[in-house]
Each structure stands twice: as C-alpha cells, then as structure tokens.
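Student: Structure below; questions to follow.
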Amino acid sequence: MAATFEVKNGVGLVTMIGPLTAGQVDAFRAEFNDWQKNSEAFRNVVLDCHGIDFMDSSGLGALIALLKRVTEHGGDLKLARLPKKVRMVFEITRAYKIFQICDTVEEALQACQ
Amino acid sequence: MKAVLQTGGAPAWVHDLGFETWALAPVAGRPLLEYWLELCDLLRITEVRLVLSDGAQAVEDFAQDGARWGLKITYSFLDPDEDPDTFLTRTPELWTGGLFYLRAPLFPRRVAAEPLAQMHVTGTHLHREGGRTACLASSAPDFLKAFLAGGELALGAHDFTELGFTPEPIASLQDYFALNQRMVRGECARYVSPGYFYKDGAGIGFNVVIPPAARLQPPLLIGNNTRLSAMTNIGPDVIIGNRCIVDQQSELANCVILDGTYIGRNLEIRDKIIVGRRMIDPVDGTVADIDDPWLLATVPGTLRPADLLRAALGWLCALLLVVAQVLPFLLLGVVLKSTGSWRMVRGEFHATRQRRTTLLTSPQTGRLPLLARLFRGLGLDLFPALLRVLAGRLWLCGQEPLRVDFDDALRRELKEYFPAALTYATPRAEASDTLIKRVDALYYAHHRALAEDARILLRALSGRFAGLFRGAPEEPTS
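Sequence lines, in order, name chains A and B. Per our numbering, the first sequence starts with residue 656, numbered consecutively. Per our numbering, the second sequence starts with residue 2, numbered consecutively.
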C-alpha cells in the first residue's frame, strides 16, 4: 500500500492507495507516526480512502489505532470517499459507528475546520 | 408424461453466488432444482431426465436416482454451447406422449397459500421468456409434434396458474434476495411437506445448536448442522443455510447466509447475502471477497462416506510406509546430509481443513549421485510428507499441495481440495506449473476413488523406483 501525506488548510490529509491488510499495516502505522511527529501544524486528520481496494480486520484495527492516536493529541480523524467494498466491511464490523465518514475530501476537510 | 429439466447454464447472479449451475442455487435453504423435482411428483410425473452441463457432477450427487422424491431420474449431457432445445429434437418420438419441459432458470412459485395437491396435466401450459419457451407442460400430441419440429406455437396454450404455480424468472441478485425474503416471510409454508409446519415463522433444521443466550426473532429459517454461539441475535427475515457457524455477539437481520459460512465474532449482517467468505450487496450487486477468517470464512464441507474410507485406508498405508522407511531414512539421510548431496527446502503449504503446514521438498533435478538416487528411488524424500499424512494435515493420495502465497488464487478457486503426499505429479522432480496443478486438481476431484488412489500410489512408487536405474528424474507428463 502506498500513502501520501500532506497538510491542506491546516488539516492533515492522508491519501491511501492499495490494500490495507495485515501485511501493510505496520509500515503504514510507522509512516503515519513519523509524519505526525514531524508535523506540528495540524491536529485533525482526513484519510482519503478512495484508493483502498481491500481492507481486512488488521487494516480496520490500524485505522482504530490511528483514531485513538489522533484523538489523544486533541484532534479528530475523518474518513472520506470510502469505496463500496470497504464500506461493506465497515458495515459488518460496525466500524461506521466510531468513524465519521464523509462522501468527499472537501466535506471532510470542512468538517475538520 | 415425462419431464426434461435443463440444469446447465449459470446466469451472472448464479456465478456471483459461487455456483456452476442455477439448479443448485439455494432458495430458502433448498436447491432450486428440488422445487422442480417436488413439482414433478405433484404433477404425477415419475420419469425425469436431467440434462446436465455445467456442474454436472454436483447435480448428479444431489439428485442421484431420484428415489428421495419418488422419481426415476436419468441423466443426459449437453455441451454448454449447444441450444438446450436440441436435446429434445434429437429424439422427438420420446416426448410426444406428454412432456414437462424446463429450459431456463425459473422458480416454480406456488399460487395457493396451502401446499398443492397431486394433479394430472391436461392440455398445454406454456411460459415464455425472451420470446422463447422457457417452461412447457403438455399432454397434447399434436402440439408437442409441432413444438418438437421447431415450431413455437402458443395457440391454445394456457399459463401455469391452473396447475397451481407460475414459473418466475430470477434475473439478478436483487430478484434472488427478494425471492428468499418472500419465502422467509411466509411463502415457504406453501412448499412444506405433509407432517411439517411453518406456523410460527421459524423453520429450524436438524442438529442445530442454539445456546440459551442466543436470541431468535422470527421469521427465520435455519438449515441443518448449524451452530449459533452465545449472545447472537438472529432475525427477523434471516435465512441461514446448512453447516453454518455464527460466532458470539453477532447480529443478523434481513439477510441470506448460504451453506458452509462462518460469520465472525461481533459482526452485524444486514441486507446482505453471504456465501462463505463472499459478501454481496443485493441492491447494487457489489461482490466483496473478504480474505480474513476473523470476519467471514468458508466452513469445510463434510466428507462423502467414500472419502472417509479413502482417508482411513490412506492413513493405514502411510503408517506402513513410515514404519518401513524410518530406518533407511535416518541412515541415508545422515549420510546425504553430511556429504551435502541431497538438499531439502522448507515451504509453507495449504493443508487439509483450511490449515497450513510446513513441508520439506527436494528440488533436485538432473543426474544425481548414486546414494541420492537410492534415497529418491526408495521414496525416502517423501518421508516428511508421510508424517504429515499421519498428523492429518495431508491425504496419502490426492492433489498437489498448494504453496501459501504463490498458489493462493488456485486454492480459492478449488472447491474440493485434497492436498496429498502422493499425487499425479509425484514422479516428477520439479514443481508443476499452475496450469498443470489446476488440471491435475480438477481431474482428481472429479475422479477420486479408491482405485484412483491405488493407481497414484503404484505409479508414484514405481516411477521413483524406475528412476533409480534411469539416473535422471522423469520428465513432467500431463
């Protein structure tokens, strides 16, 4: 999985591409932590999930860990553009109850400001 | 009157459910074909010809000789590319005495709220789909002669409501889901056999484990040999097939769970069709395969009695081979290891019952030293795999074990997987390519029998022994 990290309008924006499964979560988590440590300019984070083609329970666990980390730093984590298949995983695991999911990145960024 | 039921052909929705033929796609927990066979019995038809095509073996395994329904079932085969009607026109004289013909995947929806009584077909009844005859029942010789001569005469034909049912097309997953929901909400009472009832809206099969802490909210249908765990919440409008497991704290509502599905812990399944590890949204037809056994998984099928016998005899043979090989393996193994003339590689393979196992394989090719040839010729390199047979991780004879990661796609494709120590490929030195593995695996799954196992065993061991004198291992053969 490839992820790009940027700061947009004072909000951290992570764009994820590829599957988010057990094989990728450690690297993604480490990348995210490094980026967050080095960037003090934002608290809130938006994950653009449009490019995620598959997610399993490990990937979901990684997102929950991310949510915990961001909220511990006083921020909020929002998900944007969930693909249908990933959305179905969110539905059956009830993860939609703990994440705020927006249809577009702009909507998510606006909700963070 | 005779019945001819075409079982070949699988529309897209059938493929999405993971079936090769529409005939075995379950409606309210029972294969679609069963509804038609029961209908034949009600129409006092005893001779049924099932025309097989895709998924032939599975249909034959299910219907067998038809004694379960009081029918006499015979089989014919038709090439998947052939027009189904050509089967009738080959020997028209067989059918002019009266014919009940099903050409397309339809569901025989019963009109009356109560189960049908037996009746005879008089006259001609016809149902057309897409401008062609999809279902026909006629006892009129003139009509049948004209029909079998290639005419599509609808003159004087009635629809099927007089016979108490209407053939209903299933064109999409949405139709399939809606049909199942109608069934669970009460229509399945029209199809119950005498002696059974569905008055309380709950149909529960044999050998279903329901702990006291599970909560059931009718209407619901649960198949045989299914296990619900504690704190599960099942219903309303839920159909669960046979051999399913619903793990703790999961909630199911308004969904269809097909046979052999494991639902993980603390999940919420609503408005979905679940088939093994596949999740389907019937509204837009989205299909998501979940490669995560913590969420959804396939429960392995039960073995046929013949497979159990093969397993038992295979285990005994493996035990004999291990006893005979243990000393030579230890002695020659130590010598070969010290001289470095034999190399074994550890790999991870898919084993029986969705487990994994590590195996030592020997990738040597070309001319081998004398001791190594002796080691291989006596089949001592198979010793680690034979130990896996004794541990229940492999069969003695069967399909080539598939490598984890490398062969995952093929493993998912194979519905019947019998990883074994001895396979069609055993005499070969190098690993088979994916195509040969697939062909071997499908051939074995179809032809597996004690005699086939004996053939593999003899061929594998004699091939090894012949290699002792030949020097180089056998070339791959198809």
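Positions of the beta carbon are idealized from the N, C-alpha and C atoms, including for glycine.
What span of residues does the alpha helix (DSSP H) with Phe350 of chain B cover, start to end?
Tutor: Locating residue 350 of chain B in the second sequence gives position 349, counting from the first residue. Not the alpha helix (DSSP H): Phe350 of chain B falls in the beta strand (DSSP E), residues Val346 to His351.
Student: Would you say Thr287 of chain B faces chain A, with C-beta separation under 8 Å as the test?
Tutor: In the second sequence, counting from the first residue as 1, residue 287 of chain B sits at position 286. True, the Cβ-Cβ gap to chain A drops below 8 Å.
Student: How would you list, in chain order, the residues of chain B whose beta-carbon sits under 8 Å from the beta-carbon of Met743 of chain A?
Tutor: Position 88 of the first sequence holds residue 743 of chain A. Lys273, Met280, Asp282, Thr287 and Ala289, listed in chain order.
Student: Taking all protein chains shown into account, decide if Gln119 of chain B is buried (16 or more other Cβ within 10 angstroms of its Cβ) or exposed.
Tutor: Against the second sequence, residue 119 of chain B aligns to sequence position 118. When all chains shown are included, Gln119 of chain B counts as exposed.
Student: From this set, B:Leu387, B:Ser342, B:Arg357 and B:Leu221, which residue's C-alpha is nearest Arg374 of chain B's C-alpha?
Tutor: Numbered from its first residue, the second sequence carries residue 374 of chain B at position 373. Out of B:Leu387, B:Ser342, B:Arg357 and B:Leu221, B:Ser342 has the C-alpha closest to the C-alpha of Arg374 of chain B.
Student: Given that Thr748 of chain A touches chain B, what residues does it touch there, using C-beta distances under 9 Å?
Tutor: Locating residue 748 of chain A in the first sequence gives position 93, counting from the first residue. Those are Gly265, Asn267, Leu268, Glu269 and Leu296, listed as they occur along chain B.
Student: Secondary structure at Phe20 of chain B, three-state DSSP: helix, strand or coil?
Tutor: Indexing the second sequence from 1 puts residue 20 of chain B at position 19. If DSSP states are grouped into helix, strand and coil, Phe20 of chain B belongs with coil.
Student: Tell me whether Phe407 of chain B sits in a helix, a strand or coil according to DSSP, three-state version.
Tutor: In the second sequence, residue 407 of chain B corresponds to position 406, counting from 1. Note: Phe407 of chain B maps to coil in three-state DSSP.
Student: With a threshold of 6 Å on Cβ separation, who are the neighbours of Gln249 of chain B within its own chain once the five nearest residues in sequence on each side are excluded?
Tutor: Translated into positions along the second sequence, residue 249 of chain B becomes position 248. Closer than 6 Å at the Cβ level, and outside the excluded window around Gln249 of chain B, lie Ser230, Ala231, Met232 and Arg266.
Student: My guess is that Pro168 of chain B and His128 of chain B are in contact by the Cβ rule of under 8 Å, so how many angstroms apart are they, rounded?
Tutor: Taking the second sequence and counting its residues from 1, one reaches residue 168 of chain B at position 167. Taking the second sequence and counting its residues from 1, one reaches residue 128 of chain B at position 127. Confirmed, about 4 Å.
Student: Give a yes or no on whether 8 Å exceeds the smallest Cβ distance from Asp66 of chain B to chain A.
Tutor: On the second sequence, position 65 is the one that residue 66 of chain B refers to. Not one chain A Cβ lies under 8 Å of Asp66 of chain B.
Student: Who are the neighbours of Asp201 of chain B on chain A, taking C-beta pairs under 7 Å?
Tutor: Stepping through the second sequence from its first residue, residue 201 of chain B is reached at position 200. Under the 7 Å cutoff, chain A gives no residues; its nearest Cβ is about 29 Å from Asp201 of chain B.
Student: What's the call for Pro474 of chain B, buried or exposed, on a 16-neighbour Cβ count within 10 Å?
Tutor: Taking the second sequence and counting its residues from 1, one reaches residue 474 of chain B at position 473. With a pLDDT of 49 at Pro474 of chain B, under the threshold of 50, the predicted position of this residue should be treated as unreliable, though the coordinate-derived value follows. Pro474 of chain B is buried by the Cβ-count criterion.
Student: Which of the three DSSP states, helix, strand or coil, is assigned to Asp290 of chain B?
Tutor: Numbered from its first residue, the second sequence carries residue 290 of chain B at position 289. Of the three classes helix, strand and coil, the one that applies to Asp290 of chain B here is strand, per DSSP.
Student: Would you please verify whether the beta carbon of Asp143 of chain B is less than 8 Å from any beta carbon of chain A?
Tutor: Along the second sequence, one-based indexing puts residue 143 of chain B at 142. With 8 Å as the cut-off, Asp143 of chain B does not count as an interface residue toward chain A.
Student: Return no unless some Cβ of chain A is closer than 8 Å to the Cβ of Asp86 of chain B.
Tutor: Locating residue 86 of chain B in the second sequence gives position 85, where the first residue counts as 1. Chain A, which has no Cβ nearer than 8 Å to the Cβ of Asp86 of chain B, makes this no.
Student: By the three-class DSSP mapping on this structure, what secondary structure does Thr280 of chain B have?
Tutor: For the purposes of this step, residue 280 of chain B is taken as residue 279 along the second sequence, with counting starting at 1. The sequence shown places Met at residue 280 of chain B, not Thr. DSSP places Met280 of chain B in strand when its eight states are reduced to three.
Student: Taking DSSP as the reference, what is the three-state secondary structure of Val760 of chain A?
Tutor: Counted from its first residue, the first sequence places residue 760 of chain A at position 105. Reduced to three states, the DSSP call for Val760 of chain A is helix.
Student: Please classify Leu18 of chain B as buried or exposed, where buried requires at least 16 neighbouring CB atoms within 10 angstroms.
Tutor: Here residue 18 of chain B is taken as the residue at index 17 of the second sequence, counted from 1. By the neighbour-count rule (16 or more Cβ atoms within 10 Å), Leu18 of chain B is buried.
Student: Taking three-plus beta-carbon pairs below 8 Å as touching, is the segment 756 to 764 of chain A in contact with the segment 294 to 310 of chain B?
Tutor: No contact exists between the segment 756 to 764 of chain A and the segment 294 to 310 of chain B.
Student: Taking the C-alpha atoms as reference points, what is the distance between Leu145 of chain B and Leu95 of chain B?
Tutor: Start at 1 with the first residue of the second sequence, and residue 145 of chain B comes out as number 144. Start at 1 with the first residue of the second sequence, and residue 95 of chain B comes out as number 94. Their backbone Cα atoms lie some 11 Å apart in a straight line.
Student: Tell me, please, whether the CB atom of Asp708 of chain A is closer than 8 Å to any CB atom in chain B?
Tutor: Here the question's residue 708 of chain A lines up with position 53 in the first sequence. No - not a single Cβ of chain B is within 8 Å of the one on Asp708 of chain A.
Student: Find out if the Cβ-Cβ distance for the pair Lys740 of chain A, Val701 of chain A is shorter than 8 Å.
Tutor: For the purposes of this step, residue 740 of chain A is taken as the residue at position 85 of the first sequence. For the purposes of this step, residue 701 of chain A is taken as the residue at position 46 of the first sequence. Taking 8 Å as the Cβ cut-off, Lys740 of chain A and Val701 of chain A do not qualify as a contacting pair.
Student: Beta-carbon within less than 8 Å of Ser479 of chain B's beta-carbon, same chain only, minus the 5 sequence neighbours each way: which residues are those?
Tutor: Taking the second sequence and counting its residues from 1, one reaches residue 479 of chain B at position 478. Per-residue confidence for Ser479 of chain B stands at a pLDDT of 34, beneath the threshold of 50, marking its modelled position as unreliable; no derived number is given.
Student: With a threshold of 6 Å on Cβ separation, who are the neighbours of Glu476 of chain B within its own chain once the five nearest residues in sequence on each side are excluded?
Tutor: Locating residue 476 of chain B in the second sequence gives position 475, where the first residue counts as 1. In this predicted model, Glu476 of chain B has a pLDDT of only 41, less than 50, meaning its place in the structure is not dependable; the value taken from the coordinates is given anyway. Closer than 6 Å at Cβ, skipping near neighbours: no residue.
Student: Within 10 angstroms of its Cβ, does Glu21 of chain B collect 16 or more other Cβ (buried), or is it exposed?
Tutor: If you number the second sequence from 1, residue 21 of chain B lands on position 20. It counts as buried.
Student: Taking Val680 of chain A and Gly714 of chain A to be in contact with their CB atoms under 8 Å, please state how far apart those CB atoms are, rounded to whole angstroms.
Tutor: Here residue 680 of chain A refers to the residue found at position 25 when the first sequence is read from its first residue. Here residue 714 of chain A refers to the residue found at position 59 when the first sequence is read from its first residue. That belief holds up - the Cβ atoms of Val680 of chain A and Gly714 of chain A are roughly 6 Å apart, short of 8 Å.
Student: What separation, rounded to the nearest whole angstrom, lies between the Cα atoms of Thr676 of chain A and Gly165 of chain B?
Tutor: Taking the first residue of the first sequence as 1, we reach residue 676 of chain A at position 21. Taking the first residue of the second sequence as 1, we reach residue 165 of chain B at position 164. Taking the straight line joining both Cα atoms gives about 52 Å.
Student: Which one of B:Gly67, B:Gly124 and B:Gly378 has the shortest CA to CA distance from Gly464 of chain B?
Tutor: Locating residue 464 of chain B in the second sequence gives position 463, where the first residue counts as 1. It is B:Gly378.
Student: Look at the alpha carbon of Ser712 of chain A and the alpha carbon of Gly286 of chain B, and state the distance between them as a whole number of angstroms.
Tutor: Residue 712 of chain A sits at position 57 when you count from the first residue of the first sequence. Residue 286 of chain B sits at position 285 when you count from the first residue of the second sequence. The alpha-carbon atoms of Ser712 of chain A and Gly286 of chain B are separated by roughly 23 Å.
Student: May I ask which residues mark the beginning and end of the alpha helix (DSSP H) holding Ser363 of chain B?
Tutor: Here residue 363 of chain B refers to the residue found at position 362 of the second sequence. Premise fails: Ser363 of chain B is in no alpha helix (DSSP H) and is neither H nor E.
Student: At a Cβ threshold of 8 Å, is Asp731 of chain A touching chain B?
Tutor: For the purposes of this step, residue 731 of chain A is identified with residue 76 of the first sequence, where counting begins at 1. No, Asp731 of chain A does not count as interfacial toward chain B.
Student: Measuring CA to CA, which of B:Glu35, B:Leu38, B:Ser251 and B:Pro81 is closest to Ala57 of chain B?
Tutor: On the second sequence, residue 57 of chain B is found 56 positions in, with the first residue counted as 1. If we check each option's Cα against that of Ala57 of chain B, B:Pro81 comes out closest.
Student: Chain B partners of Lys740 of chain A, CB-CB under 7 Å?
Tutor: Locating residue 740 of chain A in the first sequence gives position 85, counting from the first residue. Going along chain B in sequence order, the residues near Lys740 of chain A (Cβ under 7 Å) are Thr287 and Ala289.
Student: Taking C-beta pairs closer than 8 Å, name the residues in chain B that Asp758 of chain A reaches, listed in chain order.
Tutor: Taking the first residue of the first sequence as position 1, residue 758 of chain A is located at position 103. Result: empty, since nearest Cβ-Cβ is about 16 Å, beyond 8 Å.
Student: Using a Cβ-Cβ cut-off of less than 9 Å, list which residues of the segment 407 to 421 of chain B approach chain A; keep chain order.
Tutor: Hits within the stretch: zero.
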